[in-house]
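Q:
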Amino acid sequence: MSMPSIPTDRPAVKLRPPLRDRWRDVGRPPRLMGVDVARGLAIFGMIGAHVGIVWMVAGPEGPDIAALVQGRSAILFAVVAGISVALATGRGQPPRGEALRSARLRMAGRALVVLALGLALEMLGSTIAVILPIYGIVFLILIPFLGLRRRTLALAAVAIAVAGPSLLALLRAVTLAGTGIPQGIGGTAVDFLISGSYPLTVWLSLVLAGMALGRLRLDRVRNAAVLFGSGVGFAAVGYGLGDAFNGTVRGWLSGWDSSSSSLSALSSAGTSSLLPESSSPIGPDTRGYLERLSEVDLGATLSQAWGVAPHSGGTWEIVGSGGFAVAVIGACLLLARPLRALLVPLAAVGSMPLTAYTAHVVSFAVLVSPFALAPGLASGDGDPAVSAWFWIASMGVLLAACTMWALSRGRGPLESVVAGVARRVDLPANERGPAASLGNEQPVAR
0 MSMPSIPTDR
10 PAVKLRPPLR
20 DRWRDVGRPP
30 RLMGVDVARG
40 LAIFGMIGAH
50 VGIVWMVAGP
60 EGPDIAALVQ
70 GRSAILFAVV
80 AGISVALATG
90 RGQPPRGEAL
100 RSARLRMAGR
110 ALVVLALGLA
120 LEMLGSTIAV
130 ILPIYGIVFL
140 ILIPFLGLRR
150 RTLALAAVAI
160 AVAGPSLLAL
170 LRAVTLAGTG
180 IPQGIGGTAV
190 DFLISGSYPL
200 TVWLSLVLAG
210 MALGRLRLDR
220 VRNAAVLFGS
230 GVGFAAVGYG
240 LGDAFNGTVR
250 GWLSGWDSSS
260 SSLSALSSAG
270 TSSLLPESSS
280 PIGPDTRGYL
290 ERLSEVDLGA
300 TLSQAWGVAP
310 HSGGTWEIVG
320 SGGFAVAVIG
330 ACLLLARPLR
340 ALLVPLAAVG
350 SMPLTAYTAH
360 VVSFAVLVSP
370 FALAPGLASG
380 DGDPAVSAWF
390 WIASMGVLLA
400 ACTMWALSRG
410 RGPLESVVAG
420 VARRVDLPAN
430 ERGPAASLGN
440 EQPVAR
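Rendered as structure tokens:
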């Protein structure tokens, strides 16, 4: 007698879509491919600034590629980061109620991971001014802003961009920052947050502006065109008025050695151009505060806040380079439609910025500084072709690696870690386990 067959529930074999379909699906909604492309351009621009590319494109007196990417790439990265925050927290509608609570918890988790990753990269000891630690701090500061409307975010960005650099410069002047310890506010934490390569007043205003843009319907062609046109206008106004204010010609392309004012130069030079030379290598100045304050040139101090040169941290740089970033984002949104198939590799890099940026910093540390297996690869003082080819090779490797990962796995590895931590932080205490509820009895502020 034959036994009846017992049906078995075998899981269906999940066939991987063909490569053509996977290529076509990169950057599809809910992602905005144009935003990923802009982020990829920002990463490649920062890599070019790090390796010291010096290709001339307009003769000895004209701008070079290094000047074009210097500062502006990081600012583009900041504006796109703000857009990404808005896209992750409700897009056009700010989160409310439980959604807002969840968004704040997840943002805190992301911020801590980004901060930890940035500190780990700094411990490599490379000559790169790693941008991730300041982003970790900015993301924590953004938590109270997540529920604000587009107009409020825009007004906050404008207020910080206009008033922030001036207040900071005045504060550093009246506290005699940089004249010696314990006088002034020139300590390590302050240098990191408000007077280093990435001053908080600059990046917070740019990220808030990006959040305001992210509340728009960026998938609409009309809005993308408006972004492009308005960005060009802001860039023209910011750079034009910045040159007029500072008495420079193309000061916005001057790079690090610009003669125009710079908040970061104020910090690195110990404010020697603005404050009396009262410090000595032997000991601190013993003169009274009022006597030293009377010698401070407040006019020159405040002019520092209106710099236009890259990494000046001035208001005109924020307006001009911020407009440049908005124009690039608008152009990327417009081009992502007709050129989708061609832009997939660049969008793949932009879809995993933490992974791409970390890979670059690690490779730079191994090859150039401090391990210096091939130190001649990045040198602005040597053969321009050396740093240029290193830049091209770095981009090529990232384009290939990120594209293959995106086609086979999707989300980048470090992005998966950040998302996992964010979800873990947002889980209710009873789902995290008994130990996780300890010390969490207080209700979460809404």
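So for the sequence shown, numbering that gives the first Met the number 0 puts the first residue at 0; every next one is plus one. Don't be surprised by glycine CBs; every beta carbon is placed ideally from N, CA and C.
Give me, in chain order, the residues of the same chain whose beta-carbon lies closer than 7 Å to that of PHE244; leave out the 5 immediate sequence neighbours on both sides.
A: Result list for PHE244: TRP305, TRP315, in chain order.
Q: Once you ignore the five residues that flank ARG410 on each side, which residues in its own chain have a CB closer than 8 Å to its CB?
A: If we look at ARG410 and ignore the five residues flanking it on each side, its Cβ neighbours are SER350, MET351, ALA418.
Q: Using C-beta distances below 6 Å, list every residue in its chain close to VAL68, excluding the 5 sequence neighbours before and after it, in chain order.
A: Closer than 6 Å at Cβ, skipping near neighbours: GLY44, GLY47, ALA48.
Q: Going by Cα to Cα distance, which pick from VAL79, ARG38, ARG90, GLY312 is closest to PRO29?
A: Closest by alpha carbon: ARG90.
Q: Might you give, ordered along the chain, the residues of its own chain that have their beta carbon closer than 6 Å to the beta carbon of LEU167, omitting 5 neighbours on each side?
A: Answer for LEU167: ILE193, THR200, listed in chain order.
Q: Give me, in chain order, the residues of the same chain whose beta-carbon lies closer than 7 Å to that of VAL248; leave out the 5 immediate sequence neighbours on both sides.
A: Correct list, in chain order: ASP242.
Q: Between the Cα of ALA162 and those of PHE323, VAL318, SER362, ILE328, spot the shortest distance and give me the residue it belongs to.
A: When each option's Cα is compared against that of ALA162, the closest is VAL318.
Q: Keeping to the same chain, check which residues put their C-beta closer than 6 Å to that of LEU120; ignore five residues upstream and five downstream.
A: Hits under 6 Å: VAL129, VAL360.
Q: Can the beta-carbon of ARG71 be found less than 7 Å from the beta-carbon of PHE323?
A: Contact flag set, yes.
Q: Is the CB-CB distance between ALA65 and ILE52 below 7 Å?
A: For ALA65 and ILE52, yes; Cβs fall inside 7 Å.
Q: Measure the C-alpha to C-alpha separation of MET122 and ALA308 and round it to an integer number of angstroms.
A: Computed Cα separation, rounded: 29 Å.
Q: What's the gap between the Cα of VAL416 and the Cα of MET210?
A: Using only the alpha carbons, I get a separation of about 23 Å.
Q: Using only CA atoms, which one of VAL79, LEU139, GLU97 lies nearest to ALA107?
A: The candidate whose alpha carbon is nearest that of ALA107 is LEU139.
Q: Would ASP296 be called buried (16 or more neighbouring beta carbons within 10 Å of its own) or exposed?
A: By the neighbour-count rule (16 or more Cβ atoms within 10 Å), ASP296 is not buried but exposed.
Q: Using the C-alpha atoms, what's the distance from ARG105 back to PRO427?
A: One C-alpha to the other measures close to 12 Å.
Q: May I have the straight-line CA-CA distance separating VAL173 from PRO164, to the nearest angstrom?
A: Their backbone Cα atoms lie some 14 Å apart in a straight line.
Q: Run through DSSP, which three-state label would PRO17 get?
A: The answer is coil: DSSP assigns PRO17 none of H, G, I, E or B.
Q: I'd like the list of long-range same chain contacts for VAL34, defined as Cβ closer than 8 Å, with 5 residues on each side in sequence excluded.
A: Correct list, in chain order: VAL79, ILE82, SER83, LEU86, LEU217, ILE328, CYS331, LEU332, GLY349.
Q: Is the CB-CB distance between LEU413 and ALA355 below 7 Å?
A: No, these two residues do not count as a Cβ contact at 7 Å.
Q: In angstroms, rounded to a whole number, what distance separates the CA positions of LEU203 and GLY117?
A: Each residue's alpha carbon lies about 17 Å from the other.
Q: Taking the runs of the alpha helix (DSSP H) that are 4 residues or longer, which of them lie wholly in the stretch 340-373?
A: Listed in chain order, the complete alpha helix (DSSP H) runs (minimum 4 residues) inside the stretch 340-373 are 352-366.
Q: With distances taken Cα to Cα, identify the nearest neighbour of LEU223 among GLU290, ARG291, ALA371, LEU31.
A: The question names Leu, yet the displayed sequence has Ala at residue 223. Selected option, being the one with the closest Cα: LEU31.
Q: Among the candidates PRO337, ALA41, TRP22, PRO16, whose CA atom is the shortest distance from the CA of MET394?
A: Checking every option, the nearest Cα to that of MET394 belongs to ALA41.
Q: Using the C-alpha atoms, what's the distance from ARG103 back to PRO143?
A: Those two C-alpha atoms are separated by around 8 Å.
Q: Measure the alpha-carbon distance for HIS310 versus GLN303 and round it to whole angstroms.
A: Taking the straight line from one Cα to the other gives about 12 Å.
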